[in-house]
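Under UniProt numbering, the first residue of the sequence shown is numbered 1, with each subsequent residue one higher.
Here is the structure we will look at.
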Amino acid sequence: MFPCRPPSREIWDAKYRLKDRHSQPVDQDVGATFERVARALAAVEGDKAEEWLPKFRWALENGAIPAGRILSNAGLSPISLR
């Protein structure tokens, strides 16, 4: 789990944490959100996705935070919302 203050955690939970259609969390913590977003960003790199995944994960863990729409929707699939 990444350390964050209560107000930051509340904002993450309300706006950026992936939840299913029943409002149940899919992302269990901020680290899971970063992993989901890093995987979605790396997937664009095609056959080099596995090479880019740790780079995107590192960037997210070290302060490179994408815009809210990207953060809340990257890696979204119909299966993740069931």
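Note that the Cβ used here is the ideal one computed from N, Cα and C, for glycine as well.
When Cβ pairs closer than 8 Å are counted between the two stretches, the stretch 52-64 is seen not to touch the stretch 11-19, the count staying below three. If the five residues before and after Ala43 are omitted, its C-beta is found closer than 6 Å to the C-beta atoms of Ala49, all from its own chain and listed in chain order.
Considering only Val30, Pro25 and His22, the residue with the shortest C-alpha distance to Ser8 is Val30. For Pro66, no alpha helix (DSSP H) encloses it, and the DSSP letter there is neither H nor E.
In the DSSP secondary-structure assignment, Lys48 is not bridged to any residue.
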